[in-house]
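First the structure, in the form of C-alpha cells, and then the observations on it.
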Amino acid sequence: MANAVGRPDAIPHDGWDVAANTPAWSRDSGGLASAATPPAPVTWPEGYTAAACLTFDLDAESAVLTADITSVYRMSPMSHQAYGPLVGVPRILALLARHGIRATFFVPGYSAHRYPAVVRSIAEAGHEIAHHSYFHENTIGMDERTEADMIDLGLEALHDVAGVRPVGYRAPMWELTYSTPRLLAERGFLYDSSLMDSDHPYRLAVAGAAEAGAAEESSLVEVPAWWGLDDWEQYAFLPDLMGSGVIESPAKALQMWSLELEAAHAIGAVFVLTCHPFLSGRPARARALEELIELMERLQGLWITTMGAGR
Ligand code: ZN
893 MANAVGRPDA IPHDGWDVAA NTPAWSRDSG GLASAATPPA PVTWPEGYTA
943 AACLTFDLDA ESAVLTADIT SVYRMSPMSH QAYGPLVGVP RILALLARHG
993 IRATFFVPGY SAHRYPAVVR SIAEAGHEIA HHSYFHENTI GMDERTEADM
1043 IDLGLEALHD VAGVRPVGYR APMWELTYST PRLLAERGFL YDSSLMDSDH
1093 PYRLAVAGAA EAGAAEESSL VEVPAWWGLD DWEQYAFLPD LMGSGVIESP
1143 AKALQMWSLE LEAAHAIGAV FVLTCHPFLS GRPARARALE ELIELMERLQ
1193 GLWITTMGAG R
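For any residue, its number in this note's numbering is found by taking its place in the sequence shown, counting from 1, and adding 892.
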C-alpha cells in the first residue's frame, strides 16, 4: 500500500512483527469483548527493544465545531483552535527537524481543506499523514453508512490537498465503532490507533470483510493508545465548550510521560504519545516535549518511528 510519506527511507522497514500474536478482538467471537489472552510483546527490528511514536492530531476548529456548531460565532475559541495549524505546527515541525525525527499527523479532512498549505508542509517535511475523520464527528450511535461516507470524505480531502492515501486511522475521540475496523480494511487501511486493551501492537481481526469483497482473513494492526498519553487531558481548557477543563503545568505532563516512556521501554512496549498542535504547540509545552524527545534519544534500543513505518 503506497503512502507518499508514511515510510521514509531513513528509518528501518522491517515492520512490526505481530504475526505471532493472537487476534485480540473479533466480532466473530461474540464481538463485544477482547480475547481472553492479552497480546504478546512483538519482535522489534534488529537492534531495537521497544518503540516510541510521536503523533499529532490536527483537530483545529473541527473538534469544537462538532461539539457545538454555534461556536463558529465565537471568535476567541475559534482563534484558540486556529493557533494549532498557524503557530503550533510550524513550531513542532522545527522541533522535529532539530532532532531528525519523523512523526505521524492524524488530520481531519476539514482541517486539510481549511489549512491546505499547512498540511502540505507537514507532508513535504517527510512526516506521515494519517486519517482522523472528516469533521471530528461524534461516532457514538452513528449508522454504518454515515460512518463510511465520512471516512470517504476524509480520504478525498487528504488526497486532494496533499496527494496522500493514508494507511493509518485514528477515530475522533478514540471512539471506534464495531463497524470501523471492517470499513477501514475494505478501504485498504493497514493500521488503527484508537483502542486501549494492550501495551503492545497486535492484529485486530476484522470480521465480515469477506462479504464486502476484501480478503477472507482480514486484519488491521492495532497500535494502542490511551488518555494518559494524550495532551488533551493535561491542557484542553475551553470554557463552556469541551475539553478537560484544566491547564496543567508542562513540568507535570513531562514527568508523567517520562515515567510512562521509561516503563514502556523497560517492558518492550510501544509508547504512543498523542498531542494536539493547538495545545502542545504553546512555547513551554513544546519545550517540555523537546525534553521528552531528549529522553527518548537517551534510551538504548528505543525505535523512534512513525506509526506507518512501524506497522
Ligand atoms: Zn482528534
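Backbone N, C-alpha and C fix where the C-beta goes; we use that ideal spot for every residue, glycine too.
query                                                                                      : result
Residue burial classification, V1138 (beta-carbon count within 10 angstroms, cutoff 16)    : exposed
Any non-hydrogen atom of ligand 1 closer than 7 Å to H1023 Cβ                              : no
Distance between L1191 and D960 (C-alpha atoms, nearest Å)                                 : 43 Å
Backbone CA spacing between T929 and H972 [nearest angstrom]                               : 43 Å
Within 8 Å, strictly: CB atoms of A1049 and A1004                                          : yes
Beta-carbon proximity of R983 to G1173, cut-off 8 Å                                        : yes
Cβ pair L1165, L946 closer than 8 Å                                                        : yes
Host alpha helix (DSSP H) of V1053 (start-end)                                             : E1036 to A1054
Three-state class that DSSP yields for M1088 in the structure shown                        : coil
Residues near L1087 by beta carbon distance below 6 Å, same chain, minus five either side  : E1114 and P1116
Opposing strand residues paired with G1135 [DSSP bridges]                                  : F1129
Cα-Cα separation, G1120 to H1092                                                           : 16 Å
Bounding residues of the beta strand (DSSP E) (the contiguous stretch that carries E1114)  : S1110 to E1114
Inside the stretch 1152-1191 only - alpha helix (DSSP H) runs reaching at least 4 residues : 1169-1172 and 1175-1190
Under the three-state DSSP convention, the category G992 falls into                        : coil
DSSP-derived helix/strand/coil call for G1060                                              : strand
Simplified DSSP assignment, three categories, for I1032                                    : coil
Span separating the alpha-carbon of A1143 from that of H1157                               : 21 Å
Best match in P931, Y940, G1055 and L987 for proximity to L1181 [C-alpha to C-alpha]       : L987
C-alpha distance - D1132 paired with R1006, whole-angstrom precision                       : 24 Å
CA-to-CA distance, S1025 to L1187, given in whole angstroms                                : 32 Å
N-terminal and C-terminal residue of the alpha helix (DSSP H) that H972 is part of         : M967 to Y975
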